[in-house]
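To start, the structure itself, in structure tokens.
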Amino acid sequence: MNLVDQVQLKLREEFSLLSNQAIVYLDSAATTLKPLSVLEAKMQFYRDEYATVNRSLYPRGQKATKNYLHTRTLIAKKICLTDERGIIFTRGATDSLNQAAQFLTQLIPQGAEVLISPLEHHANYLPFLALQKKGILKVVHLPILEDGEVDWDRLEKMDTSRVKALSIAHVSNVTGVEQDLKKLGNLCHNQGWIFLVDAAQSISTKKIDFDLMKIDFMAFSAHKMYGPTGVGALCIAPRFVDILEPLFYGGDMIADIDEEMVYQRPPFKFEAGTPPIGEIIAWKSALEWLEKEEVLLATSLMGDLQKSYRDRLSMIPNVELISAHHSTTMTTMVLKKGHPMDMALLLGQKGIEVRSGSLCALPALKFFKANSFLRVSLGVYNTFDEVNRFMDQFESTLKKIG
Ligand SMILES: Cc1ncc(COP(=O)(O)O)c(C=O)c1O
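In our numbering, the protein residues as written are 1 to 402.
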């Protein structure tokens with residue numbers, strides 16, 4: 001047995017869904033499965049330790065607050081953000097990006113231009129389009145090469161005199177391309193642009209240094225990093241945390257109400273209302289789990305797994321790979337014969353779970369002149385045996401629908 005399979009097989013024991021059901025799960029870019037420790041942390045909180053956070057002085061409440069706040073500390077550590085005050089708990093990456101777009105309107109002049117790649121997930125596209133519709137800002141496409149990388153030559157020649165911000169996915173959910181955040185951060189810093197990063201696809205596998213990469217706003221979800229659904233974070237650069245006005249008002253965010261509202265210190269001034277406590281505590285377990293030696297090893301081996309089936313796919317006529325050859329977690333393709341949705345449906349009937357459709361990136365479909373994508377994406381639990389099973393079924397199904 002090779003190293004990938006040895007490591008992954010051990011890890012798989014922690015995912016009861018994989019041991020109890022005959023499935024090959026290849027949709028981790030949409031959402032990852034959850035290890036037992038995450039499920040248990042959530043159950044334990046709601047069953048034995050339930051209390052609300054921040055304002056309860058009884059011991060159970062204090063324990064819940066301590067665990068809850070520790071999630072924030074682990075996030076800060078993970079992304080090398082020295083000032084924890086800029087980490088706001090949200091409902092997920094979509095919520096974070098919507099909030100980031102709203103915060104941006106407090107920082108840039110009316111009608112300013114925002115550079116956005118045409119390959120973005122709708123969550124990093126529509127909030128800006130909606131603000132454009134209201135005449136608050138203007139969306140301008142960041143030039144992108146055929147392979148999904150930033151076109152630096154065209155960018156250099158562009159008139160960017162009205163640009164005030166740039167927003168991009170660290171890793172694209174369509175191409176799997178990883179953008180050079182350090183280079184982009186330096187560009188934004190030198191130009192005086194605000195730099196927003198959608199880290200939904202990269203947070204569980206890539207190293208991110210928020211301070212070093214000069215990021216101003218960064219968004220991600222817990223459920224794509226082996227944690228629960230319904231929670232995520234928006235990380236804000238220290239230079240903005242004190243000056244930004246909250247977007248939500250209510251309990252827990254206010255220190256005094258006099259002639260004026262006196263807000264709590266950040267991040268609390270941005271977190272009105274009772275948060276999803278159990279989910280945030282379970283997220284702490286996911287963050288700890290991600291740092292386990294065997295998980296780090298499995299993550300580092302994902303590239304080998306990816307290469308093995310990608311090489312096979314690239315030799316099949318009528319399959320056009322559109323994702324980057326260096327993507328370590330996903331392969332997206334267009335079928336020249338047969339429809340990706342038929343493929344996904346038929347594979348699903350065989351227990352092989354892949355994604356099809358626009359991948360929530362309609363502008364990307366247009367960019368690649370495609371009508372639908374098929375995406376295969378890996379998690380740390382996938383094995384060579386699984387990708388081989390996928391390939392065998394894929395080839396025989398293609399013959400039927402092509
Ligand atoms: C690149 C990217 N950004 C944002 C999102 C939105 O994440 P969520 O649905 O967890 O809010 C996704 C989800 O697929 C994504 O892949």
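Glycine included, every Cβ here is placed at the ideal spot set by N, Cα and C.
- Per DSSP, residue 263 is not a residue of any alpha helix (DSSP H); the beta strand (DSSP E) it occupies stretches across 261-263.
- Per DSSP, residue 332 is one residue of the beta strand (DSSP E) stretching across 330-335.
- Beta-bridge pairing by DSSP links residue 90 to 232.
- Residue 330 sits close to residue 376, with the two beta carbons spaced by under 8 Å.
- Residue 124 has its CB nearer than 7 Å to a heavy atom of ligand 1.
- Residue 269 counts as buried, since no fewer than 16 other beta carbons sit within 10 angstroms of its beta carbon.
- Among the bridge pairs identified by DSSP, residue 165 is matched with 114, 194.
- Under the three-state reduction of DSSP, residue 374 is assigned to strand.
- Secondary structure of residue 125 (DSSP, three-state): coil.
- In its chain, beyond the 5 residues on either side, no residue has a beta carbon closer than 7 Å to the beta carbon of residue 161.
- In this structure, residue 305 places its C-beta atom within 8 Å of the C-beta atom of residue 378.
- When secondary structure is reduced to three states using DSSP, residue 352 falls in the strand class.
- For residue 200, the Cβ falls inside the 7 Å cut-off from some heavy atom of ligand 1.
- Inclusion of residue 82 and residue 211 in the CB contact set at 8 Å is warranted, their separation being smaller than that value.
- DSSP places residue 217 inside the beta strand (DSSP E), whose first and last residues are 217-221.
- Inter-residue distance for residue 224 and residue 53 is about 25 Å (C-alpha atoms, whole angstroms).
- Counting only residues of its own chain and dropping the five nearest sequence neighbours on each side, residue 28 has a CB closer than 7 Å to the CB of 377, 378, 379.
- Per DSSP, the unbroken alpha helix (DSSP H) holding residue 70 starts and ends at 59-78.
- Annotation: the continuous beta strand (DSSP E) that includes residue 256 extends over 254-257.
- A residue is called buried when at least 16 other Cβ atoms come within 10 angstroms of its Cβ; residue 318 does not meet this threshold and is exposed.
- Between the alpha carbons of residue 277 and residue 115 lies a gap of roughly 35 Å.
- Within its own chain, the residues whose Cβ lies closer than 7 Å to the Cβ of residue 132, once the five positions on either side in sequence are excluded, are 138, 139, listed in chain order.
- In this structure, the straight-line span from the alpha carbon of residue 353 to that of residue 62 is close to 42 Å.
- One thing to note: residue 7 has its Cβ within 8 Å of the Cβ of residue 294.
- For residue 174, there is no enclosing alpha helix (DSSP H), as DSSP gives it neither H nor E.
- Exposure of residue 315 is indicated by the presence of fewer than 16 other C-beta atoms within 10 angstroms of its C-beta.
- Taking a C-beta distance under 8 Å as the contact criterion, residue 209 and residue 168 do not qualify as a contact pair.
- Annotated as proximal: residue 170 and residue 181, with beta-carbon spacing under 8 Å.
- According to DSSP, residue pairing for residue 138 in a beta bridge involves 113.
- Per the coordinates, the alpha-carbon of residue 281 lies some 17 Å from the alpha-carbon of residue 273.
- Within the model, the alpha-carbon separation for residue 173 versus residue 93 is close to 13 Å.
- Note on residue 111: under 16 other CB atoms within 10 angstroms of its CB, so exposed under the neighbour-count rule.
- In the three-state DSSP reduction, residue 380 falls in the coil class, being neither helix nor strand.
- The beta carbon of residue 98 sits closer than 6 Å to the beta carbons of 127 from its chain, once the five residues preceding and following it are set aside; these are given in chain order.
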